[in-house]
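Under our numbering, the sequence shown is numbered contiguously, ending at residue 467.
By construction, the Cβ of each residue, glycine as well, lies at the ideal position given by its N, Cα and C atoms.
Okay, so here's the structure we're looking at.
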Amino acid sequence: MSLAPASSWCRPHVARRPTARPRIEKPSVERKHSSKGATSPDTLSGSAAHVEGDVVSTPSTPAVLIVGAGPAGLLLSHLLAARDIPSIVVESRTREAVEQTIRAGILEQGTVDLLVSSGASSRVLVDGHRHDGIELRTGDAGHRIDFPALTGRSVWLYPQHEVLRDLIATRVAAGQDLRFETTVTDVDASDPQHPVVLLTGPDGAVVEVRPRVLVGADGSRSRVREAVTGAASNGYFREYPFAWFGILCEAPPSAPELIYSSSDDGFALISQRSDTVQRMYFQCDPDIDPASLGEEQIWDELQRRVPGTTLRTGPIFQRDVLRFRSFVASSLRRGRIALAGDAAHTVPPTGAKGLNLAVADVVLLDAAIAAALAGDESRLEAYEEAALRRIWKAQHFSWWMTSLLHRTPDATAFDRLRQRGELQSIVESEAGCRYLAEAYTGWRFATE
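Below, the structure written as structure tokens:
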């Protein structure tokens, strides 16, 4: 299996202040009620509007507009509702597409505790699987990292699409305003204390929204980010010279816990999704075509990288290539516009930090928005600094786990032996194992 010839690099983008854009002059347009997950728009404007064709004179003025129905956006809406703060959540995809997207599967202890205590999900404790450790392997030698013994904490295997199903069901049952197939047409941030957003609904109609707070939780290709950073790409970026070839297969777990295996042939991760479905990855060239390998080749690649364990095989029903990128936006807040989740940062999947980092953002934003709407802007002003402390710790841990376990294209024999020495230094040291366990199971959430 070939790897990309280029080495990784770090590219800081120079942040510039967003230039003033002219205030939107076009008349606002109210979206008609749609059966696709939306509640009545009358709850937004607060009054009847005079309609001339598609044009309505009264814009919507919700307390909070959240762009993106991912983990960050949906959980923030849920937490704000517990404070009696209404919000609108808009998502460009269909509900079915959101609920069927296969993503991360590891939830930190703090994430699970918050989902349960807030009433967002009880199913995580029923259908999720608690994992008390992982196995680090080099060659045919394995070492278990015992999470409870080292930290008193655990993680849960509960895929992101299940989290999203729980959050969507909770929002719908509560009668909250959740709009699918609704895109952001424009964001006017010339006055960042009073942003104006144009939305286009599934029927093609447009609505102007003037929220008191705007949150961009719309993923790595965020439309809101430009209103905060001046350009969507402004920030700090690293791309790695390899990727993961991922599969889902019909087979019971090959091991009781996840195996992170570093070998001369490259990295492999043996994970799970359920008692009958496995999720597995192996390091590959980022430009490889997922359809170019036959099932026998895939199983050969995986088995060679995990000597000492006989993998359970079965029909492969999904395959994909996951590129490795890290990104942190140059700014996370401007006025009353804030970023959260992948709109603010992305990490490689090695450290299982993506979804959990989004939850940490939301914990801070929930309190900050509540205070701002009550007249105290200080927490919102401090949001970026508070969030970045955890973000950069998570970026380091994700980079460290990646560099510890993967083979780089230009690695020499010295580099490979040094890498093995680093891995041995970790597994043979209680302090090293404790650091890994603390970071993997998650640091305590900051509240301010």
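Unbroken beta strand (DSSP E) run spanning residue i, endpoints
i, result
"THR157", "152 to 157"
"ALA160", "160 to 165"
"TRP418", "Note, TRP418: premise wrong, no beta strand (DSSP E); alpha helix (DSSP H) at 397 to 424."
"ILE104", "Note, ILE104: premise wrong, no beta strand (DSSP E); not H, not E."
"VAL347", "335 to 348"
"GLY235", "232 to 235"
"ALA357", "356 to 358"
For residue i, three-class secondary structure by DSSP
i, result
"THR204", "strand"
"LEU63", "Per-residue confidence for LEU63 stands at a pLDDT of 33, beneath the threshold of 50, marking its modelled position as unreliable; the derived number appears in the next sentence. Residue state, collapsed to three classes: helix."
"GLU4", "The chain is shown only over 20 to 467; residue 4 falls outside these bounds and no answer can be derived."
"SER96", "helix"
"ASP196", "strand"
"THR329", "coil"
"VAL191", "helix"
"ARG463", "coil"
"VAL143", "helix"
"LEU351", "coil"
"SER280", "strand"
"GLN322", "helix"
"ILE388", "helix"
"THR365", "strand"
"LEU169", "helix"
"GLN119", "helix"
"GLN502", "Coverage of the chain is limited to positions 20 through 467, which leaves residue 502 absent and any answer about it impossible."
"SER79", "strand"
"GLY370", "helix"
Pairwise C-alpha distance: residue j and residue i
i, j, result
"GLU447", "GLN195", "51 Å"
"LEU63", "THR365", "Reliability fails at LEU63, whose pLDDT of 33 lies under 50, so the model's placement of it is uncertain and no value is given."
"ARG355", "LEU392", "10 Å"
"PHE199", "PRO221", "8 Å"
"VAL86", "SER96", "11 Å"
"GLU154", "HIS162", "5 Å"
"ASP294", "LEU423", "30 Å"
"ALA100", "SER106", "8 Å"
"ARG240", "PHE346", "11 Å"
"ARG114", "GLY158", "43 Å"
"PHE264", "ILE410", "26 Å"
"GLY223", "ARG331", "49 Å"
"PHE166", "SER209", "48 Å"
"PRO41", "LEU197", "Residue confidence for PRO41 is low, a pLDDT of 33 falling below 50, so the modelled location carries little weight; the figure read from the coordinates is stated next. Each residue's alpha carbon lies about 29 Å from the other."
"HIS180", "SER79", "30 Å"
"ARG112", "GLY235", "15 Å"
"ALA262", "GLY285", "11 Å"
"ASN253", "ALA363", "11 Å"
"PRO271", "THR204", "45 Å"
"SER137", "LEU98", "7 Å"
"ALA359", "SER273", "36 Å"
"THR421", "VAL226", "44 Å"
"LEU134", "ARG463", "15 Å"
"LEU267", "ASP306", "20 Å"
"THR215", "ASP207", "Inspection of the sequence shows that residue 215 is occupied by Val rather than by Thr. So the two alpha carbons sit approximately 5 Å from each other."
"GLU403", "GLN438", "35 Å"
"PRO81", "ILE164", "47 Å"
Residue from the options whose Cα sits closest to the Cα of residue i
i, options, result
"ARG398", "ILE410, VAL382, TRP411, LYS412", "VAL382"
"ARG500", "ALA160, LEU126, LEU218", "A query on residue 500 cannot be resolved here, the shown segment of the chain reaching from 20 to 467 and no further."
"ALA465", "SER106, GLY129, VAL145", "GLY129"
"GLN414", "ASP385, ALA386, GLY373, THR201", "GLY373"
"LYS412", "ALA357, GLN297, GLY370", "GLY370"
"ALA88", "GLY147, ALA168, THR202, ILE164", "THR202"
"SER350", "TYR255, VAL226, GLY451", "TYR255"
"TRP419", "ASP429, ILE445, ALA430", "ILE445"
"ALA139", "GLY124, ALA192, ARG298, PHE343", "ALA192"
"GLU457", "GLY171, GLU315, VAL145", "GLY171"
"PRO367", "ARG352, LEU133, SER417, VAL340", "SER417"
"TYR300", "ALA287, LEU176, ARG439", "ALA287"
"THR431", "GLU110, VAL143, ASP283", "ASP283"
Strand pairing of residue i, partner residues [DSSP]
i, result
"HIS148", "LEU176"
"GLN302", "TRP263"
"GLU227", "LEU217"
"VAL86", "VAL109, GLY235"
"GLN297", "CYS268"
"ILE125", "LEU176"
Residue interval of the alpha helix (DSSP H) (run including residue i)
i, result
"GLU258", "From DSSP, GLU258 is part of no alpha helix (DSSP H) but of the beta strand (DSSP E) over 254 to 269."
"LEU455", "449 to 460"
"THR219", "No alpha helix (DSSP H) holds THR219; the beta strand (DSSP E) holding it covers 215 to 219."
"GLY285", "Looking at the DSSP string, GLY285 is not in any alpha helix (DSSP H); the run it does join, the beta strand (DSSP E), is 285 to 289."
"GLU245", "244 to 248"
"GLY129", "128 to 136"
Beta carbon proximity, residue i to chain C, threshold 7 Å
i, result
"SER137", "Here chain C cannot be found, since the structure has a single protein chain."
The ligand SAM heavy atom lying under 6 Å from the CB of residue i
i, result
"ILE85", "Within the structure as shown, the ligand SAM is missing, as the structure has no ligands at all."
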